[in-house]
Amino acid sequence: MALEHAILVSLTERAGSGYELTRRFDKSIGFFWRATHQQIYRVLKRMDEAGWVHVEHVPQDGKPDKKVYTVTEEGAAEIERWVAEPSAPLELRDELAVKLRAAAHGDLGAMIAEVERHRDHHAERLALYEALERRDFPDPDVLTGPALHQFLVLRGGVSAERGFVAWCDEVSAALRREKGDS
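Going letter by letter, the sequence shown gives residues 156 to 337 in this note's numbering.
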């Protein structure tokens, strides 16, 4: 997936400025596709040149004009083409898993600490996702369209984080047994 597609998806949900898009990436779509502010602005320029977005210049008092981006017909056609295109299955590439394979060649205590650090990170992310779910989707059975699709992506994140927390707990317990810790 190109960043262009992630931005198009965000803009189909709500038009916005580059600044607003970067905030959305920090709070929602960015959990699943990361981009820096500079990348987003560069890609918006390319998307404008490709005709995928329309830019409206909105005057502001004492500031430069605000550029508000919306998806054009060409951009909508690109989303339709991209959604229909097969995507590669998710492949787990995780440095922690490779380090775990090498645990016999290192400090087992340090490995346990690293696993628990990862566990804490994923537990925090899980708590955030669950809070978003409670706040934004209190009645998921009535969802349709974009709201349902956003909910389903969030549920995927909840499931993945739960799985990773459980795996870290399993690994930590096994390494503690191996080390002789109780």
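For each residue, glycine too, the CB sits at the ideal point set by N, CA and C.
Given the structure is predicted, the values throughout are model-derived calculations rather than measurements.
For a cut-off of 8 Å, the C-beta gap from Val-326 to Val-253 is around 13 Å, too long to register as a contact. In this structure, Leu-176 lies away from Ser-183, with their beta-carbon atoms at least 8 Å apart.
Annotated three-state conformation of Gly-171 is strand, per DSSP.
Looking at the backbone, the Cα of Gly-335 and that of Asp-296 are separated by about 48 Å. Val-223 and Asp-262 have their alpha carbons spaced roughly 53 Å apart. Per DSSP, reduced to three states, the secondary structure at Asp-203 is helical. For the set His-212, Glu-159 and Ile-234, the Cα lying nearest the Cα of Arg-189 is the one of Glu-159.
In the DSSP assignment, Val-210 falls within the unbroken beta strand (DSSP E) covering 208 to 215. Exclusion of the five residues before and after Leu-163 leaves Trp-207, Val-226, Gly-230, Glu-233 and Ile-234 as the residues of its chain whose Cβ lies within less than 7 Å of its Cβ.
Among the bridge pairs identified by DSSP, Val-253 is matched with none. Taking a contact to require three or more Cβ pairs closer than 8 Å, the stretch 190 to 204 and the stretch 212 to 219 do not qualify as touching. Thr-299 and Glu-168 have their C-alpha atoms some 14 Å from each other.
Val-308 and Thr-191 have their C-alpha atoms spaced approximately 21 Å apart.
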